[in-house]
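Participant: Numbering (my numbering), first residue to last: 16 to 337. Note that CB positions come from ideal geometry on N, CA and C, so glycine has one too. Remember, predicted model here, so these are calculated numbers, not experimental data.
1) Compare the beta carbon distance of residue 138 and residue 164 with 8 Å and say whether it is the shorter of the two.
2) Leaving out five residues on either side along the sequence, give the residues of the same chain with a beta carbon under 6 Å from the beta carbon of residue 118.
3) Let me confirm a value: residue 334 is counted as buried when at least 16 other C-beta atoms fall within 10 Å, else exposed. Which label applies?
4) At 4 residues or longer, what runs of the alpha helix (DSSP H) sit wholly inside the region 297-321?
5) So is residue 81 buried or exposed if we call it buried at 16+ other beta carbons inside 10 Å?
6) With contact counted as at least three CB pairs below 8 Å, one residue from each stretch, are the region 302-317 and the region 250-265 in contact?
7) Given this structure, state the Cα-to-Cα distance separating residue 370 from residue 63, to the nearest angstrom.
8) Can you check which of these residues, 143, 175, 101 and 324, is closest to residue 285 by C-alpha distance?
9) Let's see if you can read the secondary structure: which residues bound the alpha helix (DSSP H) around residue 243?
10) Consult DSSP for residue 215 and reduce its assignment to one of helix, strand or coil.
11) Taking a contact to mean a Cβ-Cβ separation below 8 Å, would you say residue 340 touches residue 242 in this structure?
12) Alpha carbon to alpha carbon, how far is residue 57 from residue 229? Give it in angstroms, no decimals.
13) Quick check: is the beta carbon of residue 45 nearer than 8 Å to any beta carbon in chain C?
14) If you reduce the DSSP assignment to three classes, tell me which class residue 135 lands in.
15) Could you give the C-beta distance for residue 36 and residue 311, rounded to a whole number, given that I count them as a contact under 8 Å?
16) Using a threshold of 8 Å, state whether the C-beta atoms of residue 307 and residue 43 are closer than that.
17) State the Cα-Cα distance for the pair residue 2 and residue 253, rounded to the nearest angstrom.
18) Which partner residues of residue 42 appear in the DSSP bridge assignment?
19) Taking the Cβ atom as the reference point for each residue, do residue 158 and residue 116 lie within a distance shorter than 8 Å?
20) Using the beta-carbon count (16 or more within 10 Å), is residue 75 buried or exposed?
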């Protein structure tokens, strides 16, 4: 089998993995304490981090001594626990990243599709068309009435539960309105400091436009670089997707730091700023904390390995043809 076929096959498999990764749990966190006995909470108060939101990790119990019609919402339970020390609700973390996640993943997939194409003109054409599709899709989602319905199913589910609304109540919103209203609502869930909330929403609005502008600028730079036939712009097509697990860890750790170092003074108990456990086991007050990768992170690592192999094969192919 030729090198050209092998590197494209590996890249295609990685693209398919990206599609699966988007809807998979990437990381899980659990809190355990004496008042959450293992008989009722076998996994503790557990939540799952996905690319587009944080979801319930508690399972429905169906035993002779314990019966539940539906599983306990452990995202809400963890928010309730955390607010006693002044921590903001989990849904207030990573608002821009979650709202733009489908476009960012589409961009990563576009990079890989372009990586598989031969010839600078075809690469530039593929990338330009793909960027156009992403920009139109993002505009319709974020800035047109009803655009929220074009957001991922998971994002809408988190929006529904975090704001305690029926879907029909926000179906006419634009994606940008959903982003800002959800952020405003979650910040004020336990701590109703209107001035501070307004300030944070203003920062969020500006940051969202900056991120969108940066993404469009990056697209333009890639188009120019590909037309320029400069290999410095070719290899990032595969290097950037390879680094997805690294991006996730930095993002995850960064938001944990933010939550632990931006405690609201309205909390019932006073804690010094702290760094929640990123990986492994920890202790906060009477709670033991557990934070570990889920299978989605394993798929991320697998995709990175496949793409590294694809990149090495492609590099060897270039050297052979020189």
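Facilitator: The short version:
1) As a position in the chain shown, residue 138 is number 123, starting the count at 1. As a position in the chain shown, residue 164 is number 149, starting the count at 1. Not a contact, by the Cβ cut-off of 8 Å.
2) Taking the chain shown and counting its residues from 1, the one referred to as residue 118 is at position 103. Closer than 6 Å at the Cβ level, and outside the excluded window around residue 118, lie 149 and 153.
3) Residue 334 sits at position 319 when you count from the first residue of the chain shown. Its Cβ having fewer than 16 others within 10 Å, residue 334 is exposed.
4) none
5) Residue numbering aside, residue 81 sits at position 66 when the chain shown is read from its first letter. Because the pLDDT at residue 81 is just 49, under 50, the model does not fix this residue reliably, and the value given afterwards should be weighed accordingly. Exposed, since its Cβ has fewer than 16 Cβ neighbours within 10 Å.
6) yes
7) This structure does not reach residue 370, given that the chain is present from 16 up to 337, and the question cannot be answered.
8) Here residue 285 refers to the residue found at position 270 when the chain shown is read from its first residue. Nearest option by C-alpha distance: 101.
9) Position 228 of the chain shown, counted from the start, is the residue given in the question as residue 243. Taken as a continuous stretch (DSSP letters only), residue 243 belongs to no alpha helix (DSSP H), as it is neither H nor E.
10) Residue numbering aside, residue 215 sits at position 200 when the chain shown is read from its first letter. Helix, per DSSP.
11) Shown here, the chain extends from 16 to 337; a query on residue 340 therefore has no answer.
12) For the purposes of this step, residue 229 is identified with residue 214 of the chain shown, where counting begins at 1. For the purposes of this step, residue 57 is identified with residue 42 of the chain shown, where counting begins at 1. Each residue's Cα considered, the two are about 44 Å apart.
13) Although the question refers to chain C, the structure presented lacks it and comprises just one protein chain.
14) Here residue 135 corresponds to residue number 120 of the chain shown, with the count starting at 1. In this structure, residue 135 counts as helix in the three-state DSSP scheme.
15) Counted from its first residue, the chain shown places residue 36 at position 21. Counted from its first residue, the chain shown places residue 311 at position 296. Indeed they touch by this definition, with Cβ atoms about 5 Å apart.
16) By 1-based counting over the chain shown, the position of residue 307 is 292. By 1-based counting over the chain shown, the position of residue 43 is 28. Cβ distance < 8 Å, so residue 307 and residue 43 count as in contact.
17) Residue 2 lies beyond the stretch modelled for the chain, which goes from 16 to 337, so this question has no answer here.
18) Working through the chain shown from its first residue, we reach residue 42 at position 27. According to DSSP, residue 42 bridges with 64 and 308.
19) Counting from 1 along the chain shown, the entry for residue 158 is found at position 143. Counting from 1 along the chain shown, the entry for residue 116 is found at position 101. It is not a contact, given that the beta carbons lie outside the stated cut-off.
20) Here the question's residue 75 lines up with position 60 in the chain shown. Its Cβ having fewer than 16 others within 10 Å, residue 75 is exposed.
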